[in-house]
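Protein chains in written order, with my numbering: chain A, 71 to 291; chain B, 71 to 291. Worksheet: the structure to be examined is printed underneath.
Protein chains: 2
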Amino acid sequence: MKLRTVDIARTASAATIIFEALRKAIVEGELKDGEPLRQDDIARSFNTSRIPVREALTMLEQQGLVTTQRYKGAVVAGLSAEEASEIFDFRALLESAVIRAAVPKMSPALLARARSHCTAFATATDPAHWGELNREFHATLYSASDLPYHLSVVNNSLDRIDRYLRAQLELSNGMERANREHLAILEACEASDADEAARLTRAHIEGAKASLLRHLRQERS
Amino acid sequence: MKLRTVDIARTASAATIIFEALRKAIVEGELKDGEPLRQDDIARSFNTSRIPVREALTMLEQQGLVTTQRYKGAVVAGLSAEEASEIFDFRALLESAVIRAAVPKMSPALLARARSHCTAFATATDPAHWGELNREFHATLYSASDLPYHLSVVNNSLDRIDRYLRAQLELSNGMERANREHLAILEACEASDADEAARLTRAHIEGAKASLLRHLRQERS
DNA sequence: ATAATGGATATTGTATCCAATTTACAATAT
DNA sequence: ATATTGTAAATTGGATACAATATCCATTAT
């Protein structure tokens, strides 16, 4: 028997399909802060009942992407400057540790993939993809760490701020700097200099934090 | 109007009540690894329908405390030695950073509370409470950090391993060492020595890791 | 005897229905 | 006019009903 098999037990339920779709829409900023998420509307657009929608919303709430009030419903969770600031500090701590663990385990093949992601980011013209490409570059490097729990937490924290990063990338011309810093990180990895890669990653994140905070504060003034 | 008011909008839904109860039972080890969680049974014991039960299970799955398979149901999530090891490394990184941030903000009142929790832990005779008291001591110190996101992540990672820590505390006589280390951490905090408190916290967690791994490996041999 | 098959039972996933609550707005009083 | 109250529509939370799938066991074929 030579079939292209699929583990059907692992196929997605309606709830997880809706969850993924909403998560993507929120992370990519398609759904704005504070925007209400009506169960009925969502159910209609996915052609299901409200039950799987509610499950998706509870997942999103657990991830901090929406906030719910009893009998009032769910809205896309916003982020105060303080919260954003804290999450950047968190990322700086965690991601620098992750890349430090990853560098000694990076294969030439992985470094090649990372480099191609890096140039893809550098040469991308459609702002809608910048956020995704940026994340792919970092995720590729981090994946070598072989620390699944750390990575899941990193991804979670990234989800919380991704919208703002994207918006900011599109406004100021932070693209050049991001590029420069990516290249520096990549070179440190290729040189197997874990401490340097960690230091550069930390600086990269702290720079993004400063830039985002400027943006957030001016937008809400 | 001088009434003792309560924000009724914040009262718990059936789903969150069930979630908290299951979470507690799992974290405290009352429900063992791999134990199936039947929606119908749980619904009956809480006198509800399966809908809020399913919501609770969804939340638990997001937290990594249960694993679900489509049409097969949820079981209490176990932890391999590798996963446990990684989570301890994660905690060592994160909690040492948190306490470093907390030390300069600790008021005398908070330190007094921490000390009372410390002695409560030291003098507790009922093993069923050790885990709780241990956690309260640390949580009190960490709370001064004023880093809510960090703390929520810390609590999450603690939930994942708490069962095992409790079991281990009860088996080996690690209580004395935990006590000694708690006192040392507390004294560093009282002396406003943030770096020392961070160092001791890291050592405290790494010691627990070694002890737990010994326990896990021998139990599964 | 063993493996394959078919069906009964158990369990989960989803739809539909009802209850509880909020929200918007009209009616009324001051 | 403004504030308060009552009411209807909208929305969410939960219960019940049904569909899809898994599991177990008896039956049958080899």
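Quick reminder that beta carbons are idealized off the backbone N, C-alpha and C, glycines included.
With fewer than 16 other CB atoms across the displayed protein chains lying within 10 angstroms of its CB, Y141(B) is exposed. By the rule that beta-carbons nearer than 7 Å mark a contact, I87(B) does not touch chain A. In the DSSP assignment, V173(B) falls outside any beta strand (DSSP E), carrying neither H nor E. Within 7 Å of the CB of A167(A), the CB atoms of chain B belong to L163, in sequence order along the chain. One finds nothing in chain A with a Cβ atom closer than 9 Å to the Cβ of S150(B); even the nearest lies about 11 Å away.
Between V146(A) and L101(A), the C-beta gap is smaller than 7 Å, which places the two residues in contact.
Nearest in C-alpha terms to L282(A), of all of A84(A), T81(A) and D232(A), is D232(A).
Taking the Cα of F89(A) as reference, the smallest distance to any Cα among D111(B), I87(B) and T128(B) is reached at T128(B).
Under DSSP, the beta-bridge partners assigned to Q139(A) are G143(A).
When only Cα atoms are considered, F207(A) and V76(A) end up about 29 Å apart. At a Cβ-Cβ threshold of 7 Å, R287(B) and A151(B) count as neighbours.
For the C-beta of T271(B), not a single chain A residue is nearer than 8 Å; the gap to the nearest is close to 14 Å. Contact of S83(A) with chain B by beta-carbon distance below 7 Å involves R140. For I255(A), same chain residues with a beta-carbon under 8 Å away, outside a window of 5 residues either side, are I169, L211, A267, L270, T271 and H274 in chain order. Taken in chain order, the members of the stretch 110-128 of chain A whose beta-carbon sits within less than 8 Å of a beta-carbon on chain B are I121, R124, E125 and T128. Counting of Cβ neighbours within 10 angstroms places E246(B) among the exposed residues, the total staying below 16. Within the DSSP bridge table, the entry for L107(A) names A144(A) as partners. By the Cβ-count criterion, Q139(B) is exposed, with fewer than 16 other Cβ atoms from all chains shown falling within 10 Å of its own Cβ.
When C-alpha distances from S213(A) are compared across E260(A), I121(A) and A171(A), the shortest belongs to A171(A). Y219(B) has a beta carbon lying within less than 7 Å of a beta carbon in chain A.
Of all C-beta pairs linking the stretch 117-132 of chain A to the stretch 90-97 of chain A, three or more are shorter than 8 Å, placing the two stretches in contact.
At the C-beta level, A167(A) and L217(B) stay beyond 7 Å of one another. With respect to the 7 Å criterion, A209(B) and W200(B) are not classified as neighbours on the basis of their beta carbons.
Chain order gives the chain B residues near E153(A) as P218 and Y219, where near means a beta carbon separation below 9 Å. Here H220(A) is not near F158(B), since their CB atoms are 7 Å or more apart. Counting other Cβ atoms within 10 Å of its Cβ, P122(A) reaches 16 or more and is therefore classed as buried. Taking 7 Å as the CB threshold, F158(A) stays off the interface with chain B.
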